[in-house]
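**Q** Here's a structure for you.
Chains as they are written, first to last, in my numbering: chain A, 1 to 137; chain X, 138 to 269.
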C-alpha cells in the first residue's frame, strides 16, 4: 500500500539560481542542502504548508546518470519549455498570480476557469512549467 | 486598483514588515479598505486572518535566526516582533511543536549531519544513480 509521495525531482540548469527562484519567488523553504563527494549536491525545497514533501532540485550534468549527449538533450528540453513538471495548489489563483507576477515570475497563461478549478501556468527560471490551480471548495 | 491588487499589496506589506509593528489599521490603510472589509477579503483569499499570517511570518523569521545565528532566544523574540519571550515561546511551540531551543538544537544537529555525513541525507537509490 502506497500512502504518499515524499520526494519528486525537478531538473534544473543551475541549483543556486533555482534555489533563489523557489525560495524568494515562490516562497518555498529549503529542506535539505547537502553536498556529497564535493560535487553532487542534494538540494530539496518544499512549500511551507506541506512539510512532508521534498522537491529535489536536481542539476542536469554529465555524470553517472547522464552522458554528455543526454545531458545536453535534457537541458534543451527544459530550456525550450517541454518539461511540464507538476501542479501547485493555491487557495486563490488570481491573488497568487498577481503576487508572483509582481515578483517577476513569467506566466504562460493567466488565471482561467477550468472544469477542475481556476488555473494559470508559469515557468521556473530553468524553463520547467507548472500549473497553479485553485480547487473549488 | 482592483480588490485583488489591494489584498496582495497588503500581504506583501506584511511580508516586508512582519518584524515591525503591523496592525489592522496599517493593513487596511495599505489596502484602502475598511477594517471589516479588509479582514473578510484577506481571510477569503488566504484562508487565514491577517494576524495569523503575520504570526506565521514572524515564526518563520525566528526559525531562520535560530538556525543561522547565535542570537539568544530573547533577542530573536524581540527582533521578529514579539513583545514577550513567554508569548513567543508559546506561539513557537504551538506552530512548530517544539520550543525555540529544541528547534535550534535539532537544526544544528541536521546541519552537522549535512556537513559531516551528507550521504546519510540522500536516499540510496539516488546516490547510486548520481554519484560516481
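Note that CB positions come from ideal geometry on N, CA and C, so glycine has one too.
(1) By DSSP's criteria, residue 59 (chain A) is part of a beta bridge. Which residues make up the other side?
(2) Hey, would you say residue 101 (chain A) sits closer than 9 Å to residue 141 (chain X), going by beta carbons?
(3) Among the candidates X:249, X:205, X:195 and X:230, whose CA atom is the shortest distance from the CA of residue 154 (chain X)?
(4) Classify residue 23 (chain A) as helix, strand or coil using the three-state DSSP reduction.
(5) Check whether the stretch 239-246 of chain X and the stretch 16-36 of chain A touch, using three or more Cβ-Cβ pairs below 8 Å as the test.
(6) Please report how far the alpha carbon of residue 267 (chain X) lies from the alpha carbon of residue 151 (chain X), in whole angstroms.
(7) Looking at the C-beta of residue 181 (chain X), does it have a partner C-beta in chain A at a distance below 9 Å?
(8) Beta carbons nearer than 7 Å to chain A: which residues of the stretch 220-251 of chain X have them?
(9) For the candidate residues A:91, A:8 and A:125, whose alpha-carbon lies nearest to that of residue 80 (chain A)?
(10) Can you tell me the Cα-Cα spacing of residue 222 (chain X) and residue 193 (chain X), whole angstroms?
(11) Note down the Cα distance separating residue 257 (chain X) from residue 62 (chain A), rounded to an integer number of angstroms.
(12) Please list, in chain order, the chain X residues whose beta carbon lies closer than 8 Å to that of residue 65 (chain A).
(13) Given a cut-off of 9 Å on the beta-carbon distance, is the pair residue 88 (chain A) and residue 51 (chain A) in contact?
(14) Determine which residues share a DSSP beta bridge with residue 200 (chain X) and list them.
(15) Nearest to residue 114 (chain A) by alpha carbon, out of A:97, A:91, A:96 and A:135?
(16) Can you say whether residue 202 (chain X) is buried or exposed, counting buried as having 16 or more other CB atoms within 10 angstroms of its CB?
(17) Ignore the nearest five residues each way along the sequence and tell me which others in residue 168 (chain X)'s own chain have a CB closer than 7 Å to its CB.
**A** Let me spell this out:
(1) A:12
(2) Not closer than 9 Å, so no.
(3) X:195
(4) helix
(5) no
(6) 41 Å
(7) yes
(8) 251
(9) A:125
(10) Those two C-alpha atoms are separated by around 16 Å.
(11) 23 Å
(12) 266 and 267
(13) no
(14) DSSP output for residue 200 (chain X) lists no bridge partner at all.
(15) A:135
(16) Buried.
(17) 143, 144, 146, 147 and 175
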